[in-house]
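K.L.:
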Amino acid sequence: MNFPILSVITFLPFVAGMIILMIPANRKNEVRAVALAAAVMDLLLSGWVYLQYLLNDMQGYQFIEKYQWLNIPPLNIALHFGVDGMSTPLVLLTGIVMFTGVLISWGNDDPHVMSGIQDRPREFFAFLFLLAGGVFGVFVSLDLFMLFFFYEIAVFPMYLLIAIWGWVKTREYAAMKLTLYLFVGSVVALVGALAMYWTQYQNTGVLSFDMLEMENAGFSTAFQNLWFLPVFLGFAVLGGIWPFHNWSPDGHVAAPTAVSMFHAGVLMKLGAFAALRVGVMLLPEGAKTWAPLIMGFAGVAVVYGAYIAFVQTDLKYMIGFSSVSHMGLVVLGVSTLNETGLVGAGVQMFSHGVMTALFFAVTGMIYDRAHTRMIPELGGMAKIMPFAAIGFIIGGLVSMGMPGFSGFVAEFPIFMGVWREQWLVAVISSISIVITAAYIMMNIRKVFFAPLPENLEGHVGDVTVLDKVAIVTLCLFMIAIGMFPSIMVPMVETGVENIMRLLGGA
Amino acid sequence: MFTTVTFASILPEILILAIGLLVLIFEPFWKDEQKRNAGWLTAGGLLIAMVVSLLFGRPGEPVATLGGMIRFDWMGFFLKMLFMFAAAATALLMMDHEQAGKRGEAYLMLLASLIGMNLMASSADLVMLYLSIETASIPLYILSGFLLGDDRSTEAGFKYFLYGAMSSTIMLYGFSLLFGFSGTTDLYSIAATLTSGSISPLLAFGVVTLIVVGLGFKVSVVPFHFWAPDVYQGAPTPVAGYLSTASKAAGFAVILRLFFVSFPEFTETWTMILAVLAAISMTVGNLLALPQTNIKRLLAYSSISHAGYALIGAVAFSQFGAASVIFYLAAYIATNLLAFGLVMAFSRITGLEEITDYAGLSRRNPLLGLMMLTAFLSLTGMPPFGGFVAKVFVFAAGVQANYTWLVIVGIINSIIGVYYYLNVLKFVYLYRLPEQDEENHPIPLTQPYMIALVVLTIGVILLGTVFAPFFNWSDAGALNLF
Chain A
127 MNFPILSVIT
137 FLPFVAGMII
147 LMIPANRKNE
157 VRAVALAAAV
167 MDLLLSGWVY
177 LQYLLNDMQG
187 YQFIEKYQWL
197 NIPPLNIALH
207 FGVDGMSTPL
217 VLLTGIVMFT
227 GVLISWGNDD
237 PHVMSGIQDR
247 PREFFAFLFL
257 LAGGVFGVFV
267 SLDLFMLFFF
277 YEIAVFPMYL
287 LIAIWGWVKT
297 REYAAMKLTL
307 YLFVGSVVAL
317 VGALAMYWTQ
327 YQNTGVLSFD
337 MLEMENAGFS
347 TAFQNLWFLP
357 VFLGFAVLGG
367 IWPFHNWSPD
377 GHVAAPTAVS
387 MFHAGVLMKL
397 GAFAALRVGV
407 MLLPEGAKTW
417 APLIMGFAGV
427 AVVYGAYIAF
437 VQTDLKYMIG
447 FSSVSHMGLV
457 VLGVSTLNET
467 GLVGAGVQMF
477 SHGVMTALFF
487 AVTGMIYDRA
497 HTRMIPELGG
507 MAKIMPFAAI
517 GFIIGGLVSM
527 GMPGFSGFVA
537 EFPIFMGVWR
547 EQWLVAVISS
557 ISIVITAAYI
567 MMNIRKVFFA
577 PLPENLEGHV
587 GDVTVLDKVA
597 IVTLCLFMIA
607 IGMFPSIMVP
617 MVETGVENIM
627 RLLGGA
Chain B
3 MFTTVTFASI
13 LPEILILAIG
23 LLVLIFEPFW
33 KDEQKRNAGW
43 LTAGGLLIAM
53 VVSLLFGRPG
63 EPVATLGGMI
73 RFDWMGFFLK
83 MLFMFAAAAT
93 ALLMMDHEQA
103 GKRGEAYLML
113 LASLIGMNLM
123 ASSADLVMLY
133 LSIETASIPL
143 YILSGFLLGD
153 DRSTEAGFKY
163 FLYGAMSSTI
173 MLYGFSLLFG
183 FSGTTDLYSI
193 AATLTSGSIS
203 PLLAFGVVTL
213 IVVGLGFKVS
223 VVPFHFWAPD
233 VYQGAPTPVA
243 GYLSTASKAA
253 GFAVILRLFF
263 VSFPEFTETW
273 TMILAVLAAI
283 SMTVGNLLAL
293 PQTNIKRLLA
303 YSSISHAGYA
313 LIGAVAFSQF
323 GAASVIFYLA
333 AYIATNLLAF
343 GLVMAFSRIT
353 GLEEITDYAG
363 LSRRNPLLGL
373 MMLTAFLSLT
383 GMPPFGGFVA
393 KVFVFAAGVQ
403 ANYTWLVIVG
413 IINSIIGVYY
423 YLNVLKFVYL
433 YRLPEQDEEN
443 HPIPLTQPYM
453 IALVVLTIGV
463 ILLGTVFAPF
473 FNWSDAGALN
483 LF
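Heads up: the protein sequence lines correspond to chains A and B, in order. Here the numbering used here is used: the first residue of the first sequence is 127, the next is one more, and so on. Here the numbering used here is used: the first residue of the second sequence is 3, the next is one more, and so on.
This is how it looks when you write it as structure tokens:
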């Protein structure tokens with residue numbers, strides 16, 4: 127029996143959260159130190175998993191662990207963990223965002239540059255880690271019941287995190303809206319999953335929530351056509367798919383910085399990933415039937431999200447809508463159902479996760495110090511916080527899809543894949559690249575290089591060392607993948623092969 | 003005829019009776035400030051009784067004892083353990099109740115009603131069933147009106163009594179018709195004589211409806227729910243918690259045994275009736291919970307809707323369905339007792355029961371806040387708490403039995419539930435006292451609360467994570483119905 131590394135990665139945040147809750151509330155720095163230690167450990171472990179997967183033979187599911195959890199007919203639930211080429215990058219992504227999120231939340235309680243989480247950090251980190259554990263759980267689960275279990279765990283702490291520590295003006299509204307949207311999506315998908323479970327039993331006599339078993343369940347085309355849409359859309363709500371994206375920008379804006387990073391960086395991937403794994407992989411015929419519709423939705427999301435981002439004056443809303451646009455690209459890649467598009471979607475999930483986490487981190491730093499996020503009221507930040515400015519610019523280049531950065535590696539195959547299926551959609555959605563470039567450059571100019579407004583002069587300070595560490599970490603990954611696509615693309619390709627096998631063989 | 007098996011089959015009840023007698027003997031000799039010790043005696047005694055029953059009173063193959071009055075099987079046994087656990091927790095929560103906690107009678111009534119519930123879970127004869135239902139109910143009528151001089155409590159006691167008397171009369175009429183048609187009072191023989199050829203479907207429908215009135219009252223499903231909010235609000239809070247959990251679960255035990263065992267020929271009739279009741283109950287309960295401002299009334303409506311969810315499993319009419327109902331009851335008992343215990347702990351210090359009064363609770367006592375989170379998220383149906391697993395299981399049973407429409411109704415309702423449960427948590431975690439000086443208004447917990455609430459919290463989390471053993475017992479119980 128090997129070291130159960132995936133279980134450790136998944137359950138470590140839960141344990142850390144428990145430990146944090148036991149620390150007396152007034153010892154804030156000890157709370158933060160424990161949180162950081164746990165985050166570093168998870169980052170190292172997930173990095174190790176990534177490297178092992180990359181260096182050893184890349185194929186199929188690895189690090190498999192299986193513990194029978196409940197086997198009383200007619201129920202059969204196992205704690206079945208394993209990662210493939212699709213989920214390994216996402217596990218690493220979660221580790222990165224968790225680590226940088228903790229760094230950003232450490233903050234500074236100097237009253238002039240109040241940043242990070244100063245009010246009840248103990249509860250904050252405990253809930254954040256509950257969320258992180260849930261996210262890891264979804265990425266590594268190969269059992270449908272456990273996937274739902276972790277999925278819901280990842281959803282509800284968002285309510286508390288946004289409602290308690292969020293932006294005072296909209297937090298209650300946004301938190302409730304987000305929770306209701308996501309809960310509706312997940313329970314709709316749950317009914318689909320239960321229907322799959324019983325139909326599998328009728329077809330093959332196998333009682334199991336194991337997704338590897340379900341791949342061979344032989345669902346009839348009519349069944350797949352009926353249930354694909356509820357299951358796929360139910361999960362894709364969390365991926366911010368148009369027209370169910372509405373919760374997402376509101377949630378981003380209301381959330382505290384680290385939660386925005388988690389939300390846009392990881393949670394939205396959770397939706398897209400679960401839609402892919404449960405929707406496309408288990409119901410491939412349904413996917414083929416409905417792919418044009420999904421592609422249409424995604425195409426609208428890409429262009430519309432970019433356009434709405436273009437007209438925003440609030441920096442965080444701008445990034446929120448740009449996330450809708452970029453996640454639209456992920457769904458667009460998925461909807462092609464061909465190898466090129468899916469590889470692009472896989473890389474884009476990682477790339478967008480890192481990029482948007484960086485955007486939100488920098489925005490949070492600016493807001494904490496300047497106390498405004500309105501683009502017209504900002505300026506000159508490059509002089510005050512050069513480090514943050516460089517980070518934001520690199521993020522911007524990734525966002526525009528510049529060669530040499532991870533965004534290009536991701537977006538180029540997506541558009542190629544779409545072209546092969548429907549050239550018109552590719553043409554229309556590529557407009558978004560232009561719009562994205564426009565709003566990113568305009569905002570960089572205004573926020574970082576325009577003259578510093580007088581009212582901000584003097585009392586806006588530079589970012590802390592921990593903030594810088596977070597920025598460097600995030601930038602590093604984006605540049606590394608842009609320069610050396612071979613550290614990620616072949617891995618995603620093996621995951622895609624798996625999906626293509628299901629799509630082709632069905 | 004009094005063999006070991008006979009003895010084992012009513013061992014828990016004998017032990018409970020002994021505890022009751024001990025309370026009765028000791029209580030008069032205690033000084034006023036010592037009288038709350040009756041709570042320790044009750045809770046501790048019940049714990050010992052549970053251990054002793056687990057060691058010596060475990061059922062083997064199902065047998066009928068005491069002349070066919072009692073069915074000695076896993077289903078009854080597991081539920082008995084649940085009821086005794088609930089009663090022990092209630093006794094602990096009652097100890098520091100200002101008026102009820104120092105009165106030995108309160109604990110005696112609790113134990114008397116517990117005997118009734120235990121017998122409800124295991125009786126196999128219409129006569130025994132009716133007697134046990136009354137034994138369980140009458141002490142609860144008294145307990146609901148226990149607070150002398152409190153109009154609300156008096157009203158609660160009266161209301162509960164009148165509704166209860168009325169509905170059990172109707173149920174008794176149903177029982178008498180059942181006896182008339184089948185010629186036997188033994189639940190297990192009724193199925194053999196009452197075949198679909200012997201009476202018309204319309205008559206069967208009538209009989210089932212009459213019985214459903216009485217049982218529907220016990221489990222408070224719409225439209226027999228009118229008493230619940232007023233009684234929960236007026237009754238002493240621990241009693242309300244007990245009413246909404248153990249008493250309701252006992253009603254479900256009867257529903258499962260009576261319908262599964264005695265009416266297999268009329269499945270279509272009663273599943274249809276129960277399905278409709280489940281759908282209405284979930285919908286009405288949840289919709290009426292939305293505008294509530296009093297936390298006990300909110301919990302009352304939520305408990306009405308939870309009766310609806312649990313019924314989905316019964317409607318499925320399968321072993322898995324029954325197992326999911328029993329598991330649901332276990333999760334629900336732990337969760338709702340926790341919720342009522344927290345309400346009790348809060349109002350004991352503050353004297354307040356409005357939802358808005360919970361502002362700042364998580365700062366006044368962080369532990370209480372976390373337990374509140376556990377209870378309400380479990381009620382919502384979120385993992386890793388018992389409510390999630392229980393809900394998924396009943397929904398799974400519903401989908402398996404092709405009651406997808408009912409499951410969809412259930413799902414829409416759980417979405418409504420998210421809103422009002424989270425709303426309470428919003429006050430607990432987000433809002434603050436007007437002066438923002440929470441540290442000056444702590445909410446201390448006395449020892450009995452600490453024990454009861456922590457044990458319940460751990461129970462809720464265990465049911466939601468390590469659910470396999472619990473489901474195993476539920477399934478063993480469900481097996482006895484077929």
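Glycine is no exception: its CB is placed at the ideal position from the N, C-alpha and C atoms.
Report the option in A:Met568, A:Asp210, A:Thr562 whose CA atom is closest to the CA atom of glutamate 537 (chain A).
P.N.:
A:Thr562
K.L.:
Does the beta carbon of proline 368 (chain B) come closer than 9 Å to any beta carbon on chain A?
P.N.:
yes
K.L.:
Using a beta-carbon distance below 9 Å, is asparagine 197 (chain A) in contact with chain B?
P.N.:
yes
K.L.:
Between methionine 387 (chain A) and chain B, is the shortest Cβ-Cβ distance under 9 Å, so that the two count as touching?
P.N.:
no
K.L.:
Do valine 391 (chain B) and alanine 478 (chain B) have their C-beta atoms closer together than 9 Å?
P.N.:
no
K.L.:
Under a Cβ-count criterion, where at least 16 other Cβ atoms within 10 Å of its own Cβ denotes burial, should lysine 154 (chain A) be classed as buried or exposed?
P.N.:
buried
K.L.:
Between methionine 374 (chain B) and the rest of its own chain, which residues show a CB-CB distance below 6 Å, the 5 nearest in sequence each way excluded?
P.N.:
Leu344, Val430
K.L.:
Thinking C-alpha only, which one of A:Gly505, A:Ile570, A:Phe476 is nearest isoleucine 516 (chain A)?
P.N.:
A:Ile570
K.L.:
Bridge partners of threonine 67 (chain B), per DSSP?
P.N.:
B:Ile72
K.L.:
Identify the continuous beta strand (DSSP E) that holds valine 340 (chain B) and give its terminal residues.
P.N.:
Looking at the sequence shown, residue 340 (chain B) is not valine but leucine. If you look at leucine 340 (chain B), you'll find it isn't in any beta strand (DSSP E); it sits in the alpha helix (DSSP H) that goes 321 to 352.
K.L.:
Listing by chain order, which chain A residues have their CB less than 7 Å from the CB of alanine 470 (chain B)?
P.N.:
Trp195, Leu196
K.L.:
Please list the partners that glutamate 278 (chain A) has in chain B, where partner means a Cβ-to-Cβ separation under 7 Å.
P.N.:
Met384, Pro385, Phe390
K.L.:
Taking the DSSP output, what are the residues bridged to alanine 204 (chain A)?
P.N.:
A:Gln194
K.L.:
Please confirm whether glycine 388 (chain B) and leucine 464 (chain B) have their CB atoms less than 9 Å apart.
P.N.:
Yes, Cβ-Cβ distance for glycine 388 (chain B) and leucine 464 (chain B) is below 9 Å.
K.L.:
Within 10 angstroms of its Cβ, does proline 616 (chain A) collect 16 or more other Cβ (buried), or is it exposed?
P.N.:
By the 10 Å Cβ count, proline 616 (chain A) comes out exposed.
K.L.:
Can you tell me which of B:Phe4, B:Val241, B:Lys33, B:Ile445 puts its alpha carbon nearest to the alpha carbon of leucine 112 (chain B)?
P.N.:
B:Val241
K.L.:
When you compare only the Cα positions, how much space is there between lysine 323 (chain A) and glutamate 339 (chain A)?
P.N.:
Reading off the sequence, residue 323 (chain A) comes out as tyrosine, not lysine. Using only the alpha carbons, I get a separation of about 10 Å.
K.L.:
For serine 198 (chain B), name the three-state secondary structure that DSSP assigns.
P.N.:
coil
K.L.:
Smallest Cα separation from isoleucine 12 (chain B): which of B:Ala325, B:Leu26, B:Leu56?
P.N.:
B:Leu56
K.L.:
Can you tell me which of the three DSSP states glutamine 188 (chain A) falls into?
P.N.:
Look at glutamine 188 (chain A) here: in three-state DSSP terms it is strand.
K.L.:
Quick one: is glutamine 101 (chain B) near chain A, going by C-beta distance under 9 Å?
P.N.:
no
K.L.:
Once you ignore the five residues that flank alanine 400 (chain A) on each side, which residues in its own chain have a CB closer than 7 Å to its CB?
P.N.:
Val264, Leu273, Tyr277, Phe361
K.L.:
Can you say whether tyrosine 193 (chain A) is buried or exposed, counting buried as having 16 or more other CB atoms within 10 angstroms of its CB?
P.N.:
exposed
K.L.:
Identify the contact partners of aspartate 477 (chain B) in chain A, using a Cβ-Cβ distance below 7 Å as the criterion.
P.N.:
Ile198
K.L.:
For the region 427 to 449 of chain B, list every residue whose C-beta sits within 9 Å of some C-beta in chain A, in sequence order.
P.N.:
Leu427, Lys428, Tyr431, Leu432
K.L.:
Look up serine 267 (chain A) in the DSSP assignment and say whether it is helix, strand or coil.
P.N.:
Under the three-state reduction of DSSP, serine 267 (chain A) is assigned to strand.
K.L.:
Counting only Cβ pairs nearer than 7 Å, list the residues of chain B close to isoleucine 290 (chain A).
P.N.:
Tyr431, Leu432
K.L.:
Assuming phenylalanine 225 (chain A) and leucine 169 (chain A) are in contact, meaning their beta carbons sit under 8 Å apart, how far apart are those beta carbons, in whole angstroms?
P.N.:
4 Å
K.L.:
Taking Cβ positions only, does arginine 154 (chain B) come closer than 9 Å to chain A?
P.N.:
no
K.L.:
Buried or exposed: glycine 182 (chain B), going by 16 or more other Cβ atoms within 10 Å of its Cβ?
P.N.:
exposed
K.L.:
Counting pairs of Cβ atoms below 8 Å between the region 294 to 307 of chain B and the region 238 to 257 of chain B, do you hit three or more?
P.N.:
yes
K.L.:
Hey, isoleucine 510 (chain A) and aspartate 588 (chain A): beta-carbon distance below 9 Å or not?
P.N.:
yes
K.L.:
Kindly give me the distance between the Cβ atoms of tyrosine 307 (chain A) and phenylalanine 370 (chain A), rounded to whole angstroms, as I take these residues to be in contact under 8 Å.
P.N.:
With 8 Å as the limit, tyrosine 307 (chain A) and phenylalanine 370 (chain A) qualify as a contact, their Cβ atoms being about 7 Å apart.
K.L.:
Give the straight-line distance between the Cα atoms of glycine 366 (chain A) and isoleucine 18 (chain B), rounded to the nearest whole angstrom.
P.N.:
57 Å
K.L.:
Does any residue of chain A have a CB that is nearer than 9 Å to the CB of leucine 424 (chain B)?
P.N.:
yes
K.L.:
Within the 9 Å Cβ cut-off, does phenylalanine 397 (chain B) reach chain A?
P.N.:
Chain A contact via Cβ: present.
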